[in-house]
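Before any comments, here is the structure.
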Amino acid sequence: QLEQYVRNGHLKPTTLFCTADITNLYTMLPQDESLKILKEFLLEHHYEKVQGISIKVILQLADLVLKETAFVDGNKFYRQIIGGAMGSPFTLTLANIFMWKWEKDAICGAIGPHEIYGRYIDDIFFTFNDPKIKIEAVIKKANDFHPNIKLEANIGSCVSFLDLLINNKNGILSTSVHHKPAAEPCVVPFISDHPRHVFSNIIQAALLRAVRYSSTLDIFEKERRAIRLMLLYNGYPSTYIDIHFRKFFGNAISQSSMIPFIDNENQFLIMRNRLLPLASAKERETQHRIAAVRLNEETKDTNDKEKRTIITTIPKQNKQNKFANTLFLHYTHEKRLHSMKRQIHKIFSGTFQDTLAMNLRLIVGHRNHRNIGHELIQKRPTASILKPQQLPSKTQLNKSIKEVASIDPDQILYSQKLYAASLHQDRYSSANSDISNQDS
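When we follow the numbering used here, the leftmost residue of the sequence shown carries the number 6, and every step to the right adds one.
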């Protein structure tokens, strides 16, 4: 979008960029208002039902999840009355829907039709071709729009948005990878007990980001050197790095070249233009979901229910399950178990030879070890806190009532007087002690 913005002639030497971060979005969501916006969102996008669940039921479930969030601290239970749980997928979805309403009413109307506006959850970016004072007025209006939503904005010709650095150099767009000052150059160490493809994926992903974010070959070369130093710092062998650099660049460099990097600006731009349109796996999944929603909206306009049923059910009937007659086995990955898959297949074939079980397709996979965060974070209170306290039985209650009723009222009054006198004596002794300490 930025490059299209430049090609359309909207980037001028005076064009400013603005990035803004919303303070504590997840924990500051107004619960009741968020549920109302959720209903508005579903109705506006024609979601009378989602996977067979009506809007009424969705709102009831959302109310339950949002308002019954509890946690334990110091052997006491607390219930969250503002916002939602930070790690909850539902809180992320609800925050996005709330921001859909907020940005539509608070900020999008103040931005020109040719400007770029983008948001990733609680991070906002937009372009502006008016003086800085007008941008500050837009931010102030957005801050005053809702008491729970406050922005921390950064305005200038050079700003960072997520991991991208965007710079307007007198009307020329320059972009590069942004590294936060506090970020450590750490990735999965090469000696770590991970599957081999994890290490190659780290190199490929870092180079792909560098190519897509770097607007010139010089900027890319700086990032490529930083990637190489980061990999060496984490124990990756130099020959291993060179092999995967060559694999990434492919035909962009000569096979006879001794150095595994590009030294031609035109080759770099050709490779960048080829890689820029490629969507990530997550982006492809989102595109499929959007296409499915649009298909549902188109079929919804058909009044003939039987025809709509045929349209939506025939593809499901014709679609074959590629995992039919498949047996999945998984084990936790360890380097010393590299031959585990072959051994399992051998045992399976030897055990079920000449039986119907051989018609099954055996797929042996592995899972990675849980990271330290999962190991150390205690997501549930101890069992002793969760265990409900036993209520007194009816017999015990009757016994307690009789004991209280049998006490003489005068005796209770006398006990209260003794207690008050003891408190007075303690205060008198404490005061004398303080006076003696001051005298000494």
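Note that the Cβ used here is the ideal one computed from N, Cα and C, for glycine as well. Keep in mind that this is a model prediction, so the values were computed, not measured.
As computed with DSSP, Gly-89 is found in no beta bridge at all. For Gly-355, the uninterrupted alpha helix (DSSP H) segment begins and ends at 345 to 356.
Judged by DSSP in its simplified three-state form, Phe-225 adopts helix. The way I'd put it, the stretch 30 to 43 doesn't touch the stretch 132 to 148; fewer than three beta-carbon pairs between them come closer than 8 Å. The three-state reading of DSSP puts Thr-32 in helix, counting H, G and I together. Bridge pairing for Ala-75: Arg-84 [DSSP].
The Cβ neighbour count for Val-192, taken over all protein chains shown within 10 Å, is at least 16; the residue is labelled buried.
Cβ neighbours of Val-203 within its own chain (closer than 7 Å, five residues either side excluded): Val-193.
Comparing alpha carbon positions, the residue from Asp-127, Gly-117 and Lys-327 closest to His-15 is Gly-117. By the neighbour-count criterion, in which a residue is buried when 16 or more other Cβ atoms sit within 10 angstroms of its Cβ, Ala-100 is buried. Membership of Tyr-52 in any alpha helix (DSSP H) is not indicated, and neither H nor E is assigned to it by DSSP. Glu-8 and Ala-215 have their C-alpha atoms some 16 Å from each other.
Rounded to whole angstroms, the gap between the alpha carbons of Asn-376 and Phe-95 is 23 Å.
The C-beta of Leu-71 has 16 or more other C-beta atoms within 10 Å across all chains shown, which makes the residue buried.
Exposed is the label assigned to Thr-400, since fewer than 16 other Cβ atoms lie within 10 Å of its Cβ. The Cβ atoms of Ile-60 and Glu-53 lie closer than 8 Å to each other.
Partner residues in the beta bridge of Ser-179, as assigned by DSSP, are Asn-172.
Around the C-beta of Glu-189, fewer than 16 other C-beta atoms lie within 10 Å, and the residue is accordingly described as exposed. Secondary-structure assignment with DSSP links Asn-159 through a beta bridge to Thr-24. Here Ser-197 is exposed: its Cβ has fewer than 16 other Cβ atoms, across all protein chains shown, within 10 Å. For Val-193, the three-state secondary structure derived from DSSP is coil. The alpha-carbon separation between Arg-229 and Leu-178 amounts to approximately 20 Å. Ranked by Cα distance from Met-345, the first of Leu-365, Phe-253, Gln-358 and Arg-372 is Arg-372. Contact between the stretch 124 to 135 and the stretch 165 to 175 is present: 3 or more CB-CB pairs across the two stretches fall below 8 Å. DSSP, reduced to helix, strand and coil, places Leu-334 within a strand of the structure shown. The criterion of a C-beta distance shorter than 8 Å is satisfied by Thr-132 and Tyr-10. A straight-line Cα-Cα distance of about 13 Å links Glu-290 and Leu-283. In this structure, Ile-224 places its C-beta atom within 8 Å of the C-beta atom of Ser-181. About 6 Å separates the Cβ atoms of Ile-154 and Trp-107, confirming a contact at the 8 Å cut-off. Using a 10 angstroms sphere on the CB of Tyr-241, the tally of other CB atoms reaches 16 or more, which defines it as buried. Here Ser-220 is buried. Its C-beta has 16 or more other C-beta atoms within 10 Å. Boundaries of the beta strand (DSSP E) harbouring Ile-129: 128 to 133, taken from the DSSP string. Taken through DSSP and simplified to helix, strand or coil, Tyr-241 comes out as coil. By the CB criterion at 8 Å, Glu-157 and Ala-25 fall inside the cutoff. In the three-state reduction of the DSSP assignment, Ile-377 falls in the helix class.
Looking at Phe-22, Glu-73, His-51 and Leu-48, the one whose alpha-carbon comes closest to that of Asp-37 is Glu-73.
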